[in-house]
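Notes for the one structure printed next.
There are 4 protein chains.
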Amino acid sequence: MFADIKGLNEECGVFGIWGHADAAQITYYGLHSLQHRGQEGAGIVVTDGKRLNGIRGEGLVNDVFDKKKIESLEGTSAIGHVRYGGAGKGGLENVQPFLLHSQSGGLTLAHNGNLINANDLRHQLEMQGSIFQTTSDTEVLAHLIKRSGYLALKDKVKNALSMVKGAYAFILMSETELIIALDPNGMRPLSIGKIGDAYCVSSETCAYDLIGAEFVRDVEPGELIVINDEGLHAERFSLSASSAMCTMEYVYFSRPDSDIQGINIHTARKNLGKMLAKEAQIEADVVTGVPDSSISAAIGFAETAGIPYELGIIKNRYVGRTFIKPSQELRERGVKMKLSPVRKVVESKRVVMVDDSIVRGTTCKRIVSMLKEAGATEVHVCISSPPMKNPCFYGIDTSTHEELIASEHSVEEIREIIGADSLTFLSVEGTLEAIGRKGYGKDCGQCMACFTGEYPTEIYPDTLLPYEKELMR
Amino acid sequence: MFADIKGLNEECGVFGIWGHADAAQITYYGLHSLQHRGQEGAGIVVTDGKRLNGIRGEGLVNDVFDKKKIESLEGTSAIGHVRYGGAGKGGLENVQPFLLHSQSGGLTLAHNGNLINANDLRHQLEMQGSIFQTTSDTEVLAHLIKRSGYLALKDKVKNALSMVKGAYAFILMSETELIIALDPNGMRPLSIGKIGDAYCVSSETCAYDLIGAEFVRDVEPGELIVINDEGLHAERFSLSASSAMCTMEYVYFSRPDSDIQGINIHTARKNLGKMLAKEAQIEADVVTGVPDSSISAAIGFAETAGIPYELGIIKNRYVGRTFIKPSQELRERGVKMKLSPVRKVVESKRVVMVDDSIVRGTTCKRIVSMLKEAGATEVHVCISSPPMKNPCFYGIDTSTHEELIASEHSVEEIREIIGADSLTFLSVEGTLEAIGRKGYGKDCGQCMACFTGEYPTEIYPDTLLPYEKELMR
Amino acid sequence: MFADIKGLNEECGVFGIWGHADAAQITYYGLHSLQHRGQEGAGIVVTDGKRLNGIRGEGLVNDVFDKKKIESLEGTSAIGHVRYGGAGKGGLENVQPFLLHSQSGGLTLAHNGNLINANDLRHQLEMQGSIFQTTSDTEVLAHLIKRSGYLALKDKVKNALSMVKGAYAFILMSETELIIALDPNGMRPLSIGKIGDAYCVSSETCAYDLIGAEFVRDVEPGELIVINDEGLHAERFSLSASSAMCTMEYVYFSRPDSDIQGINIHTARKNLGKMLAKEAQIEADVVTGVPDSSISAAIGFAETAGIPYELGIIKNRYVGRTFIKPSQELRERGVKMKLSPVRKVVESKRVVMVDDSIVRGTTCKRIVSMLKEAGATEVHVCISSPPMKNPCFYGIDTSTHEELIASEHSVEEIREIIGADSLTFLSVEGTLEAIGRKGYGKDCGQCMACFTGEYPTEIYPDTLLPYEKELMR
Amino acid sequence: MFADIKGLNEECGVFGIWGHADAAQITYYGLHSLQHRGQEGAGIVVTDGKRLNGIRGEGLVNDVFDKKKIESLEGTSAIGHVRYGGAGKGGLENVQPFLLHSQSGGLTLAHNGNLINANDLRHQLEMQGSIFQTTSDTEVLAHLIKRSGYLALKDKVKNALSMVKGAYAFILMSETELIIALDPNGMRPLSIGKIGDAYCVSSETCAYDLIGAEFVRDVEPGELIVINDEGLHAERFSLSASSAMCTMEYVYFSRPDSDIQGINIHTARKNLGKMLAKEAQIEADVVTGVPDSSISAAIGFAETAGIPYELGIIKNRYVGRTFIKPSQELRERGVKMKLSPVRKVVESKRVVMVDDSIVRGTTCKRIVSMLKEAGATEVHVCISSPPMKNPCFYGIDTSTHEELIASEHSVEEIREIIGADSLTFLSVEGTLEAIGRKGYGKDCGQCMACFTGEYPTEIYPDTLLPYEKELMR
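Chains as they are written, first to last, in this note's numbering: chain A, 1 to 473; chain B, 474 to 946; chain C, 947 to 1419; chain D, 1420 to 1892.
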């Protein structure tokens, strides 16, 4: 839902559970908790110890599954996936988990992140006669594993992981074990929980609250964990692990009720808002947030600034994917879609409008203009993160849109473009401090590449798409 | 969506427009704005001046309509309806607008409210040979109009309205005119807007913001308005009109961005919360609201009480109607559905939990217990309206559930049942003051019957259903 | 399926059963047997003695019903209907059985035929305030019954039938009895069967073979029969009854395995073919029939003429309603649809092509040309009925197509238009003799109006549609 | 449709066209003509010279395709497939054409027949790391082609074909050429046609009549043909080619309007019936055929025997896949499904019932008993092919059913089991003579293995399924 407002899209969420009588149903609830990470497709694969069996489909979790389908997924262990699919990557065959059968047994895989050398690896594999069914990175890993010969599954996976580069939270399952792995920089969130005796894994901890599990621990960068009927076995597959968690997970992607590295997201966002109020020092009559992701930051801002927090912008909840878009003509006549102003709240007021980030600037411009038409005398835009100047190669789809406005324009230019009376971005230092990080650069434990251009991994210029290269110049 | 959380259901929303090239499409957007008033069915009927043509269906507006269907509804005027359907009232045939063709022309009707003498009228009509297709009140009015002989449509409608009792906002359309009528107590909201030269009508003003219309005025109690190509003509059909607007529209039903009688709903709710904080005088660490309807009241409470407002409870947005419900067993093991606590926010805290009303008490009890399990040391429940002790006969479906907890139990008993550390209801006087009303009883301009038992109309004991009679004892 | 080949459409089939544990399922099988009489919609209504309950839908019986739906129709008695719906008569609301509930009980009706004074009756009823939901004749009868006051249902039905004119086989059911009625000329087939102790009724006897029932007797013209738990009670409602069974039922509509008035349809058609061979006296190499309806006549023709019968034309079975029609361009390049020639069978042969009737002539012309392109040296068209010169007002939809070719052209002109080497129609006398009738005109027991223009009832000029009037000039 | 009556299932039909503006639409019509060869799934892949693009689905051609989908398949060349899928082989992923994309281009394949060494080949490929998506033979060929290195596509295909054994009519397409290949025994029909300048290929010639193409020639055993913008190039890939066309194609599978090796199927069947009448020498009153496949043989029988041919058995056309099957109880009470007797035709008659083959005997037994219950005094069963004693390994699914009755029982025993008054099978010699073959055994040009046990290829015992081995003992 955030997708077409923001132009910022996460690539996925994964969930898994081993050894629970209601494996498919719990995975179904788990995927619901992760639905905000991907609304284009969903799938669940179960094992009953003998055979893998799965259902996948396009759309929301509830579009894909009903009671009968979930009940047909018999087994005591399961993995599931929700996906976002950018342009040209759609189609049922790209919905995960990827499931393959062979005479020696089945294997299923799902993945959150992006392999930056996937094109190179695919080329090499095709040259050797491999037939690919999908355009997804996940199938590349599947082929690498299958080509690894007569090793135990865990060792085949380690072989394969030694060849891939990028950001990834992988989850794999055979008939008899569940394997998870996090990239050496730990760029995507992944954690372990426990429900009774059964281990579960999830991209976000909010899933544990929904299913009544307790949080055990985060998965470490470069860690590979095997879960089977003997229990949980963890080891490192990479020596050079060093944490660089995606900062946008705190700012925008994760759910407010999730925790990452021990920090609650709502609290982190409220702190970002408080820090922003300190840095901005605006005089105004009301503070309002852009729903839903900026509400926490706006509340924090209001609290610190001592300005009342109000619902100045409302989201039209039922405007979903099937909504008939207004024609250009109707739009010009005033027909709105996702967001409406609350006239009585903003009329004749100086308004602080808190948002979490600016990507292209078009949505921000539209909201400023909407507030002014509704009678706001001043609109002060306060962004609870630094200007986003650089593309992401680790699974966030900033690059399908023409351009990052902040890579081309100064803050003052952006202010003018969006028509605000003032525009404040949170500083890089303030951002890190608000989420409890110290230091700066490589050692801060966060990936700040989209703000600073310091990428935690090498970037492979030959595998970049043309527009990506241009963005990198 | 609120329905199964709260047990309080509005019965409908209506929208209409006369004389606009995009009549069907604008009605579609209008119904979207009113979607919260009814999610069981939706319909639109258009006229091109010669013939009425309509599409209806079960489900959300977006389930019923797509681009092709909206485009097939050619015409320059339209009426639309969203409905909530209680048990035994479902089925496509009960979805409105009701549309009938005869050799002398067509007629379409839609309705928000409840006719309290509908059963009597239906019995009389059937005795005279009328065949009913539906179980809805609306068809009763249609038959009364059709039996009114050779008068002009407006006069037929007045004849028919003179026979019906209850709460209603009616909207009717023939090939050549649109007629709206509000009951003599004006118990349901209904207002007029203007988009260019075209008049539109809507149950709530939030529709005007979405479609870019301007608000003109509220419809008065006992008023009948005819809109046609000559313009708008208003008259009174009842001399005994006296305003008794449903108070729950302010407290719970209407959207925060709507205004009723000049009062913004978000602002009214924030005032209810402020008044509640004054009356309650609670010491606590955090204030949290039950999403979505109580957020405004919670913000107001926090502001007045000087306690930080936090997201202590989160709503699982994607849990819709098709969600597979957890079995009793899974529920006991902790699987939640619509609402989850944000552990890090409430842990080791004294929590004020603001809600707008208590109907049966079961949801409230579940939330209190959820907050305590998440580590809250104290939970103080503060309700931004008085105890709801009496059933509603005017279109709010309190009566399909066993019992109103407040009609059977004292406040202290309720507190014990729901397991709260304290329980505060807003007073009747505080409620009226917060929404800007003065006086008390019949003259206050509001219907307070569910709180006080003072019904603004006679009640017809013979037409009450058995359980309704019991509730009335 | 025949519909777009021939341009001749029956209007319906009815089936009913009283007092059988599997009432809905048996009705489902019965409707399957009658599927050829109507493919646009189907419905079943059951009674369990207390309440009527029904399901209707557009499409084939199998499109409308599945196992779950049939099982949901609990009850021991049922009526069902399959319908053909001409242009402008479509829509779910016109699918039968028509079902109405009132405070005094339910009533359901279904009908095969056409009421020729339906428009007049509808006008009178609307003037008295009746609201119609459909455009079907059946609802007119429902209103007439409902307006008949405080009589027993049987007497209300007799009252109502005394007002209607035309061809009809009606089937009605309340919670406690099943009533059937046939028009005073018995123009539509309707018979009674018995399965164990349970009576059933059907438009055609082929249903009895499928469900394992035994044939009891045909319903008589002007007869009204009540079936309830006491058994079967028959009486006359019209004194002026005189049989005029539709001859096209023998020639074209009914299934070859049905019997009408004791005559098997396949045998009747074979006899029509034999008589045609005698009258035509053609020299040829092969005889072929146009599938499916003319196969029996072609076999009879071949037997009498001593010419081998071959499959010279084949029907593409899977070309159903959803078939994508070839564009004009592809059609000209040779793409065929429903019928293909069998080249090796007709090449270099003199071919007798037997068909049952010619309506517009376009299909016949296309088949002749197809056979010639496939190499037939001569094509002799032999039609097993007389030229169809007059429209039908009794439920056969000849009149939705521009024109009956035989009302405008001589046999020689038609031969030239269709491009045949010879064209022979069976004589009126030969037709009657082949189906075992003697005499001619009013006393022959058959309706021959479409051939001779002698209509068995008055025709109401004022209620004819404009194009019908033109056809009657 | 024949499937559950007979227990004999063909495995597929293929169609292709190169260089025609309406490639997808013509393929759609072609697949319609082949629909009887497979009703479980259908697919079309097109090329516009640059990219392959396809749509596949489960069900009939008309279930899978609509106008919009066909129009979305832009391109000037196409291949298509209809499939029958036995138990455990279902699922969308097994629907053909199989389509694969790689960085060096796309490839699509479809196939009619059975590779008898597919399991062996698949095992070897998986040991080398190949990942299979389907359980179909076709994918084995795809992997063999892809592993063939840097050759031209034609040579890769020849490499791959040199490794496979069995019966196959393959059709392959890249962006720039269409390749077809027939196994060295030419066991499945495959021919070439021409529509304007465009070559097309089809499993059966009946497709050419429907699309207005002219027949060019049959594909020869062991022939590989490349069609591209330069024209058609044919060569042999196998030196040991010797014709052994499946005899059941004449007896049962192919459409009556197709020709194989210059012989029309209807004519061949009529000749089989004539030969059978000569061999059987039965005295009777009527001859009837089991619809649809035995009609031609019955007509031939009747002509030679001088006994009238009648419609004694009728097929219920609308009883499709979605038909609700009668319960055992209803079946015992007489509810029939696909076939009904025509009582008036068989009552008190000595009936010759002509059928084309007996597989398990259960259907035959049911029909005999049905005819006797309908009053036939004698039922003489005459089968227009020899007893089927041996399983087929070349793509005909006789082996999914328990047993071939003729491999276990003598003719007299079968007669007693099915309850007939006499039972006659056509002799092996008579069968060959009727379809114009001379000689006997290997040199007759036909595969008679199911009758005689003389298989035209080696049989691979290790790859047989357990029940197949048992059948081979």
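Every residue gets a Cβ at the ideal spot worked out from N, C-alpha and C, and that includes glycine.
Note that this is a predicted model, so its numbers are computed, not measured.
Which one of C/VAL1291, C/THR1080, C/GLN1274 has the shortest CA to CA distance from C/MET1283? C/GLN1274
Please state if the CB of A/GLY75 and the CB of A/VAL64 are separated by a distance shorter than 7 angstroms. no
Let me make sure I understand the geometry here. Which of B/SER550, B/VAL613, B/GLN597 has the alpha-carbon closest to that of B/LEU573? B/VAL613
Any beta carbon of chain C sitting closer than 7 angstroms to that of D/GLY1478? no
Tell me which residue opens and which closes the beta strand (DSSP E) that B/ASP539 is part of. Taken as a continuous stretch (DSSP letters only), B/ASP539 belongs to no beta strand (DSSP E), as it is neither H nor E.
Pop quiz: C/GLY1402 and C/PHE1371 are said to be a contact at Cβ under 8 angstroms. What is the actual Cβ separation, rounded to whole angstroms? A small fix is needed here, since residue 1402 of chain C is Pro in this sequence, not Gly. Not a contact, Cβ separation roughly 22 angstroms.
Taking DSSP as the reference, what is the three-state secondary structure of C/LYS1335? coil
Using three-state DSSP, classify D/LYS1693 as helix, strand or coil. helix
Got a sec, what are the start and stop residues for the beta strand (DSSP E) D/CYS1431 sits in? 1431-1437
Nearest to A/THR47 (by Cα), restricted to the options A/GLY361, A/TYR29, A/GLY19: A/GLY19
Could you name the residues that DSSP lists as bridge partners for D/VAL1620? D/GLY1435, D/ILE1611
Does C/PRO1202 come within less than 7 angstroms of chain D when only Cβ atoms are used? yes
Candidates C/LYS1271, C/ASN1058, C/CYS1390, C/LEU1257, of which the one nearest C/SER1189 by Cα: C/CYS1390
To which residues of the same chain is B/PRO781 closer than 8 angstroms at the C-beta, ignoring the five residues directly before and after it? ASP758, VAL759, VAL760, ALA775
Strictly under 7 angstroms for the Cβ-Cβ distance: is B/ASP682 near chain A by that measure? yes
Span of the alpha helix (DSSP H) holding B/GLY514? Where B/GLY514 is concerned, there is no enclosing alpha helix (DSSP H), although the beta strand (DSSP E) it sits in stretches over 514-520.
Note down the Cα distance separating B/PRO814 from B/VAL808, rounded to an integer number of angstroms. 12 angstroms
Hey, does B/GLN801 have any beta-carbon neighbour from chain A nearer than 7 angstroms? no
Closest Cα partner of A/SER203 within the set A/LEU153, A/LEU144, A/GLU220: A/GLU220
Which runs of the beta strand (DSSP E) fall wholly inside the stretch 406-437 of chain A and span at least 3 residues, in chain order? 422-425
Is there a Cβ from chain B that is less than 7 angstroms from the Cβ of A/ASN185? no
When you compare the CB of B/LYS638 with every CB in chain A, is at least one pair closer than 7 angstroms? no
What residues from chain B crowd round C/GLN1049, counting only those whose CB sits closer than 8 angstroms? ARG595, HIS596, GLU599
Closest Cβ-Cβ distance between C/HIS1355 and chain D: below 7 angstroms? no
Measuring CB atoms only, is the stretch 1662-1674 of chain D touching the stretch 1603-1613 of chain D, in the sense that at least three cross pairs come out at less than 8 angstroms? yes
Cβ-based contacts, 9 angstroms cut-off: residues of the stretch 602-632 of chain B near chain C: GLY602, SER603, ILE604, PHE605, GLN606, THR608, GLU612, ALA615, HIS616, LYS619, ARG620, SER621, GLY622
Give the straight-line distance between the Cα atoms of B/MET748 and A/VAL381, rounded to the nearest whole angstrom. 31 angstroms
State the Cα-Cα distance for the pair D/VAL1847 and D/GLU1668, rounded to the nearest angstrom. 15 angstroms
What residue does the alpha helix (DSSP H) around B/HIS596 start on, and which one ends it? 591-600
Which residue wins for smallest C-alpha separation from C/LYS1140, given the options C/GLU1169, C/ALA1366, C/LEU1178? C/LEU1178
Other residues of its chain near C/ILE1206: CB distance less than 7 angstroms, five sequence neighbours each side excluded: PRO1135, MET1191, GLU1195, TYR1196, SER1200
I'd like to know if the stretch 1013-1029 of chain C and the stretch 1072-1079 of chain C are in contact, where contact means that at least 3 CB-CB pairs between them fall below 8 angstroms. no
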